[in-house]
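Notes follow once the structure below has been shown.
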Ligand code: GLY
Ligand code: MN
Ligand code: MN
């Protein structure tokens with residue numbers, strides 16, 4: 002296999018790096034067992050995704066790249082919370098998927114085909130990582146550094162971030178330079194080669210204009226590639242872009258396109274718009290859509306190694322729901338429910354919540370993403386609990402709705418049964434080849450029929466009033482994971498999560514007010530049919546009421562009362 006060395010602006014640097022790399026490789030070969038020992042002496046879990054997995058994903062990514070292209074991905078920025086305290090760092094899921102590197106201030110380059118240095122060496126990927134620094138590591142935690150990245154993440158070579166600025170690659174020579182738009186607020190820190198500096202260097206290298214308007218370019222690309230018959234579709238998309246950036250409608254080329262579309266497609270005006278956007282687009286070789294397109298395709302279906310982690314995230318979240326059911330009593334607070342769930346998944350080694358926990362008693366449950374979780378006593382409430390743990394990067398998304406006193410009232414039960422039946426219909430529709438909308442269509446039908454039969458609505462079209470959200474999304478490294486939203490493929494994981502929410506003051510009998518029910522499960526789409534991954538969380542009315550009668554270890558847990 003060919004060695005992989007990039008070349009740098011200074012010839013000294015290039016030769017120096019070459020020698021340094023050879024020495025590093027020999028040293029690493031000799032010291033590899035020691036490195037493994039040191040790592041295992043830290044007693045970290047052993048079930049992370051492997052270096053082979055991440056390398057395989059980079060190869061799969063490369064296979065999807067356009068000819069003569071380079072993809073550049075950055076690690077997530079560090080987010081400041083206050084003063085010298087930052088939010089817990091979380092890696093960008095694409096970066097994690099492709100590298101396994103979970104520290105900030107890093108950049109990955111993947112090339113569609115091998116590149117050759119002046120020394121005749123070839124490489125097809127490069128990673129620049131945080132430099133080791135004993136003092137910084139004493140305060141803020143261990144760093145893998147170049148040696149650790151090569152030894153544990155399977156890169157042929159790796160470089161310190163400080164070397165990125167001197168990397169001499171002619172980005173203009175590629176047909177496409179793929180990267181995500183720079184939307185993030187990235188702070189410059191005191192350390193050299195932080196993410197701020199890496200991004201700045203990259204922008205310089207590719208000649209990124211400070212006034213580059215990515216959404217205008219996206220609309221241009223749509224206009225350029227659209228066949229005449231899709232003019233209407235583009236007008237709809239344009240509407241969406243214009244909501245984010247109204248100045249787009251004032252752009253002369255886009256104005257031309259709109260005029261052509263409104264005139265029933267005046268071919269002359271349309272051609273003029275197409276020629277104009279072509280010229281604008283050809284000024285740059287930037288591709289801001291390619292990364293999403295490739296990552297959506299790769300991340301939609303899960304490999305067995307990913308399924309092992311995702312299953313664990315889901316199972317520990319489901320067990321957490323069961324433990325909450327056992328521990329629940331009317332004196333409990335929303336925050337305490339969250340805490341019980343968190344304790345359970347942490348006991349299984351899950352690191353974080355995969356999204357902010359939602360625990361809404363009564364009317365609070367009607368707020369779809371309610372995260373205050375600050376009601377002190379749940380009393381007789383129906384409690385909506387949308388809780389998902391993240392295990393080694395993969396997140397669950399499981400919702401249960403239970404009566405705080407252990408028994409559903411007749412009204413709570415009536416609404417619950419509709420949602421349950423809707424979910425059953427949605428799960429049954431989650432089969433290979435079905436359109437992504439199939440579970441939603443099936444569930445919505447049952448919800449509408451149910452609401453009509455209870456007299457809450459008169460026609461099916463009114464059902465959205467009480468069921469205002471979608472039924473399914475992909476699940477994986479992100480709670481709303483990446484995917485193509487095309488027909489279902491085997492080895493895809495989705496949620497099926499119908500709900501009915503009747504806020505206080507709704508236009509119906511007040512006996513329904515404050516009832517909010519969502520039931521959300523995680524479903525593996527497989528050639529053998531849908532598989533309920535979150536089966537460990539009781540789901541039917543009978544199963545929930547039975548679980549709530551079980552003793553909980555927390556029954557005996559008491560703390561001193563504070564004055
Ligand atoms: N927990 C967010 C959602 O269900 O999509
Ligand atoms: Mn969900
Ligand atoms: Mn959820």
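In the working numbering, the protein residues as written are 2 to 564.
Beta carbons: idealized from backbone N, C-alpha and C, even for Gly.
Give the single residue among 257, 299, 92 whose Cα lies nearest to the Cα of residue 232.
Translated into positions along the chain shown, residue 232 becomes position 231. Nearest option by C-alpha distance: 257.
Does DSSP put residue 552 in a helix, a strand or coil?
Numbered from its first residue, the chain shown carries residue 552 at position 551. Coil, per DSSP.
So who's on the other strand from residue 384, going by DSSP bridges?
By 1-based counting over the chain shown, the position of residue 384 is 383. DSSP, once it has assigned bridges, lists 362, 403 as partnering residue 384.
Using 8 Å as the cut-off, can you tell me whether the segment 283-293 makes contact with the segment 468-476, which would need three or more C-beta pairs spanning the two stretches below that distance?
No: fewer than three Cβ pairs fall under 8 Å.
I need the straight-line Cα distance from residue 541 to residue 356, nearest angstrom please.
Here residue 541 refers to the residue found at position 540 of the chain shown. Here residue 356 refers to the residue found at position 355 of the chain shown. Rounded to whole angstroms, residue 541 to residue 356 spans 25 Å at the Cα level.
Look at the Cβ atom of residue 104, then the Cβ atom of residue 130, and state whether they are nearer than 8 Å.
Within the chain shown, the letter at position 103 stands for residue 104. Within the chain shown, the letter at position 129 stands for residue 130. Yes; because the gap between Cβ atoms is below 8 Å, this pair is in contact.
Using C-beta distances below 7 Å, list every residue in its chain close to residue 163, excluding the 5 sequence neighbours before and after it, in chain order.
Locating residue 163 in the chain shown gives position 162, where the first residue counts as 1. Once the five neighbours on either side are set aside, the close Cβ partners of residue 163 are 132, 193, 194.
Going along the chain, which residues of its own chain have a beta-carbon closer than 7 Å to the beta-carbon of residue 245, five neighbours each way excluded?
Working through the chain shown from its first residue, we reach residue 245 at position 244. Within the same chain, residue 245 has close Cβ partners 216.
Can you find a heavy atom of ligand 2 that lies under 7 Å from the Cβ of residue 398?
Locating residue 398 in the chain shown gives position 397, where the first residue counts as 1. Residue 398 Cβ: within cutoff of ligand 2.
Going by the C-beta, is residue 498 closer than 7 Å to any heavy atom of ligand 3?
Mapped onto the chain shown, residue 498 falls at position 497. Yes, ligand 3 has a heavy atom inside 7 Å of this Cβ.
If you draw a straight line from the C-alpha of residue 51 to the C-alpha of residue 95, how long is it?
Locating residue 51 in the chain shown gives position 50, counting from the first residue. Locating residue 95 in the chain shown gives position 94, counting from the first residue. About 15 Å.
Would you check whether ligand 2 has a heavy atom nearer than 7 Å to the C-beta of residue 474?
Here residue 474 refers to the residue found at position 473 when the chain shown is read from its first residue. The answer is yes for residue 474.
Keeping to the same chain, check which residues put their C-beta closer than 6 Å to that of residue 479; ignore five residues upstream and five downstream.
As a position in the chain shown, residue 479 is number 478, starting the count at 1. Answer for residue 479: 94, listed in chain order.
Would you mind working out which of 148, 493, 421, 394 sits nearest residue 304, comparing C-alpha positions?
The residue given as residue 304 occupies position 303 in the chain shown. When each option's Cα is compared against that of residue 304, the closest is 493.
I'd like the ranges of any alpha helix (DSSP H) spanning at least 4 consecutive residues and lying wholly in the segment 482-514.
Those alpha helix (DSSP H) runs which fall completely within the segment 482-514 and span 4+ residues do not exist here.
Hey, would you say the C-beta of residue 481 is under 7 Å away from at least one heavy atom of ligand 1?
Counted from its first residue, the chain shown places residue 481 at position 480. Correct: residue 481 has its Cβ closer than 7 Å to ligand 1.
With distances taken from CA atoms, which of 406, 201, 310 is nearest residue 167?
Against the chain shown, residue 167 aligns to sequence position 166. Closest by alpha carbon: 201.
Tell me whether residue 521, by its Cβ, gets closer than 7 Å to a heavy atom of ligand 2.
To locate residue 521, count along the chain shown from 1; it is residue 520. Indeed, a heavy atom of ligand 2 lies less than 7 Å from the Cβ.
List in chain order: all unbroken beta strand (DSSP E) runs of 3+ residues lying wholly within the segment 172-250.
DSSP runs (the beta strand (DSSP E)) wholly in the segment 172-250: 177-179.
For residue 219 and residue 266, I'd like the C-alpha separation in whole angstroms.
For the purposes of this step, residue 219 is identified with residue 218 of the chain shown, where counting begins at 1. For the purposes of this step, residue 266 is identified with residue 265 of the chain shown, where counting begins at 1. Approximately 21 Å, taken between the alpha carbons.
How many Å lie between residue 321 and residue 535 at the Cα?
For the purposes of this step, residue 321 is taken as the residue at position 320 of the chain shown. For the purposes of this step, residue 535 is taken as the residue at position 534 of the chain shown. Spanning the two alpha carbons is a distance of roughly 11 Å.
Is residue 145 close to chain B? Criterion is C-beta to C-beta, closer than 8 Å.
This model lacks chain B altogether, as it is built from one protein chain only.
How would you label residue 251, buried or exposed, when you count the other beta carbons within 10 angstroms and need 16 or more for buried?
In the chain shown, the residue the question calls residue 251 occupies position 250. Exposed: under 16 other Cβ atoms inside 10 Å.
I need the boundaries of the alpha helix (DSSP H) containing residue 60, first residue and last residue.
Translated into positions along the chain shown, residue 60 becomes position 59. 52-64 is the span of the alpha helix (DSSP H), which, as asked, contains residue 60.
When DSSP builds the beta bridges, which residues end up paired with residue 521?
As a first step, residue 521 must be located in the chain shown, where it is residue number 520. Looking at the DSSP assignment, residue 521 forms a beta bridge with 400.
Here's a check: name, in chain order, each residue in its chain whose Cβ is nearer than 7 Å to the Cβ of residue 29, leaving out the five neighbours to either side.
Reading the chain shown from its first residue, position 28 is the one you call residue 29. Interpretation of residue 29 is limited by its pLDDT of 48, a score under 50 that renders its predicted location unreliable; the figure taken from the coordinates is listed afterwards. Once the five neighbours on either side are set aside, the close Cβ partners of residue 29 are 148, 151, 152.
Buried or exposed: residue 387, going by 16 or more other Cβ atoms within 10 Å of its Cβ?
Here residue 387 corresponds to residue number 386 of the chain shown, with the count starting at 1. By the neighbour-count rule (16 or more Cβ atoms within 10 Å), residue 387 is buried.
Taking only runs that begin and end inside the segment 87-113, name each unbroken alpha helix (DSSP H) of 4 or more residues, in chain order.
Runs found: 94-100.
Is the beta carbon of residue 384 less than 8 Å from the beta carbon of residue 360?
On the chain shown, position 383 is the one that residue 384 refers to. On the chain shown, position 359 is the one that residue 360 refers to. Yes, these two residues count as a Cβ contact at 8 Å.
Would you mind stating whether residue 182 and residue 113 have Cβ atoms separated by less than 8 Å?
Position 181 of the chain shown holds residue 182. Position 112 of the chain shown holds residue 113. No, the Cβ-Cβ distance between residue 182 and residue 113 is not below 8 Å.
From which residue to which residue does the alpha helix (DSSP H) around residue 271 run?
Along the chain shown, one-based indexing puts residue 271 at 270. Run containing residue 271: 268-283, per the alpha helix (DSSP H) assignment.
Ignore the nearest five residues each way along the sequence and tell me which others in residue 312's own chain have a CB closer than 7 Å to its CB.
Against the chain shown, residue 312 aligns to sequence position 311. Closer than 7 Å at Cβ, skipping near neighbours: 534.
Determine the direct distance from the alpha carbon of residue 124 to that of residue 115, and round the result to whole angstroms.
Position 114 of the chain shown holds residue 115. Position 123 of the chain shown holds residue 124. Straight-line Cα distance between these residues: approximately 5 Å.
Rounded to the nearest angstrom, what separates residue 46 and residue 292 at their Cα positions?
Your numbering for residue 46 matches position 45 in the chain shown. Your numbering for residue 292 matches position 291 in the chain shown. Roughly 31 Å separates the two Cα atoms.
Going by other Cβ atoms of all chains shown within 10 Å of its Cβ, with 16 needed for buried, is residue 447 buried or exposed?
As a first step, residue 447 is located in the chain shown; it is residue number 446 there, counting from the start. The residue is buried, with at least 16 neighbouring Cβ atoms inside 10 Å.
Could you please give the first and the last residue of the uninterrupted beta strand (DSSP E) stretch that includes residue 460?
Along the chain shown, one-based indexing puts residue 460 at 459. Note, residue 460: premise wrong, no beta strand (DSSP E); not H, not E.
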